[in-house]
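For the sequence shown, the UniProt record's numbering begins at 1 and goes up steadily by one. For glycine and all other residues, C-beta sits at the position ideal for the given N, C-alpha and C. One structure is given below, encoded as structure tokens.
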Amino acid sequence: MLDPDYELFARVVDAGSLSAAGRALGISPAMVSKRLARLEERLGVRLVHRTTRRLALTEPGARFHADLVAILATMREAEARVTGVRAAPSGPLRVSAPTSFGRLHIAPHLHRFLDDHPAVALEFNLSDGFVDLIGERIDVALRIAPEIAPDLVAHRLGTSRRLLCAAPAYLARHDAPETIAQLSDHRLLAATGQMPWRLVSGTRRATIEQPSAVITNSSEIVRELALTGVGIALRSLWDVGETLARGDLVRVLPDWEGSTDVGIYAVHPRAPAVLPAVTAFIAFLRETLADTTF
């Protein structure tokens with residue numbers, strides 16, 4: 001049997017506070033704090049930094065929690081094999097997704113996942129940056145990238161096709177570029193970290209490295225700047241498909257696109273066993289995105 005204080009620590013991390021963990025376990029916050037301190041003393045290491053509002057895992061605490069989650073999942077799987085019943089998805093599930101992609105393509109469908117798995121307590125956060133899955137206790141993250149770090153398990157969900165585009169108003173004021181070299185004469189728009197642009201046209205390759213006309217950490221701001229005629233952007237088809245169809249944006253240099261090595265992935269930390277809720281959410285993503293053209 002797993003040490004009860006280990007299970008308490010895992011519950012504290014999942015709950016995010018001593019009081020919430022105490023309510024879930026049916027004991028007082030003072031008792032939770034006492035048992036957590038006892039565990040830290042026994043291990044000889046501080047597992048969490050305590051503040052008035054929240055708990056922050058230390059680096060050893062984050063590693064220990066990741067190991068505990070894997071052990072608990074393995075135990076549940078072992079019990080399921082013995083009883084012949086597969087464990088139903090349940091418990092907290094923390095998901096991170098890129099802001100625009102999550103808002104446009106995942107959030108409208110979350111009701112189906114929640115209806116199918118009512119025992120899952122979903123936390124769905126949006127961020128344009130790559131969050132630290134271990135440090136932020138993220139169970140599943142959606143990433144749009146050419147490659148995934150080897151310490152993560154990656155499930156490819158699709159390819160992100162990216163096109164050069166601009167508003168008709170911008171092209172009316174500035175001659176549309178007819179060659180890749182002429183892009184240097186234009187205002188280009190990209191969020192922090194999205195330059196250089198690597199473009200392909202058949203067997204031809206080009207790299208565009210030029211400061212963005214506006215500095216921003218938000219892909220949604222880049223999209224709005226392009227729509228309002230500020231400059232030329234390299235945008236994913238999943239992001240601007242409808243605006244292209246309406247004519248609010250038009251393609252620039254249509255023979256050229258972003259390199260095709262950028263994939264859409266669901267990723268999670270490597271572990272001996274995967275939580276049923278993680279498996280269920282990845283299956284939900286595959287079903288949701290199966291018929292979507294990017």
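Whole-angstrom distance between residue j and residue i, CA atom to CA atom
i                 : j              : result
proline 118       : alanine 233    : 41 Å
methionine 195    : isoleucine 221 : 15 Å
valine 250        : alanine 226    : 10 Å
serine 17         : serine 33      : 10 Å
glutamate 257     : aspartate 116  : 39 Å
proline 168       : alanine 97     : 31 Å
leucine 285       : leucine 157    : 8 Å
alanine 30        : glycine 22     : 8 Å
valine 214        : threonine 179  : 23 Å
valine 240        : methionine 75  : 45 Å
isoleucine 148    : glycine 61     : 25 Å
tyrosine 170      : alanine 191    : 19 Å
arginine 246      : threonine 228  : 14 Å
threonine 279     : leucine 47     : 28 Å
phenylalanine 294 : alanine 24     : 42 Å
threonine 159     : leucine 133    : 22 Å
histidine 155     : alanine 273    : 16 Å
aspartate 248     : glutamate 242  : 9 Å
asparagine 217    : aspartate 255  : 28 Å
proline 276       : glycine 26     : 25 Å
leucine 110       : valine 131     : 21 Å
histidine 65      : isoleucine 71  : 10 Å
As assigned by DSSP and simplified to three states, the class of residue i
i                 : result
histidine 49      : strand
tryptophan 256    : coil
phenylalanine 113 : helix
alanine 66        : helix
serine 201        : strand
valine 12         : helix
arginine 143      : strand
residue 301       : An answer regarding residue 301 cannot be provided, because it is not within the stretch 1 to 294 covered by the chain.
serine 96         : strand
leucine 133       : coil
serine 160        : coil
leucine 275       : coil
proline 177       : coil
isoleucine 138    : coil
valine 214        : coil
phenylalanine 294 : coil
alanine 149       : coil
serine 219        : helix
glycine 61        : helix
serine 28         : coil
threonine 228     : coil
residue 346       : For residue 346 there is no data in the structure shown, the boundaries of the chain being 1 and 294.
glycine 44        : coil
Bridge-paired residues (DSSP) for residue i
i              : result
alanine 233    : Cys165, Leu189
histidine 155  : Ala266
glycine 91     : Val120
tryptophan 238 : Tryptophan 238 is not bridged to any residue.
alanine 56     : His49
threonine 207  : Arg198
leucine 126    : Ala97
CA nearest to the CA of residue i, picked from the options
i              : options                        : result
residue 300    : Gln182, Pro168, Thr288, Ile144 : Nothing can be reported for residue 300: it is not among the residues displayed for the chain, which extend from 1 to 294.
leucine 39     : Thr74, Glu7, Glu242            : Glu7
serine 90      : Ala66, Leu122, Asn217, Pro177  : Leu122
isoleucine 282 : Gly61, Ile71, Val153           : Val153
arginine 94    : Ala290, Leu289, Val267, Phe294 : Val267
arginine 270   : Leu188, Ile138, Leu189, Asp185 : Ile138
alanine 181    : Ala277, Phe64, Trp197          : Trp197
leucine 199    : Thr216, Val262, Leu142         : Val262
arginine 103   : Pro177, Ala280, Trp238, Arg46  : Trp238
leucine 68     : Phe124, Ala15, Ala107, Asp3    : Asp3
alanine 73     : His155, Ala10, Ser184          : Ala10
glycine 135    : Val278, Glu59, Gly44, Ala277   : Glu59
arginine 173   : His186, Leu163, Arg161         : His186
alanine 206    : Ser184, Ser212, Thr216, Leu189 : Ser184
alanine 88     : Leu110, Pro108, Pro177, Val120 : Val120
glutamate 209  : Thr216, Gly193, Ala66, Arg63   : Gly193
histidine 162  : Phe130, Ser201, Leu142, Asp132 : According to the sequence displayed, residue 162 carries arginine and not histidine. Minimum Cα distance to arginine 162 is reached at Ser201.
leucine 289    : Glu41, Pro108, Leu57           : Pro108
serine 259     : Leu188, Pro211, Pro146         : Pro146
For residue j and residue i, believed in contact at Cβ under 8 Å, the rounded distance
i            : j                 : result
serine 219   : aspartate 128     : 6 Å
arginine 223 : arginine 204      : Between arginine 204 and arginine 223 the Cβ distance is about 27 Å, and since that is not below 8 Å, they are no contact.
cysteine 165 : leucine 36        : Their Cβ separation, rounded to whole angstroms, is 53 Å, which puts cysteine 165 and leucine 36 out of contact at 8 Å.
aspartate 14 : proline 92        : 5 Å
leucine 55   : valine 12         : 7 Å
leucine 142  : phenylalanine 101 : 6 Å
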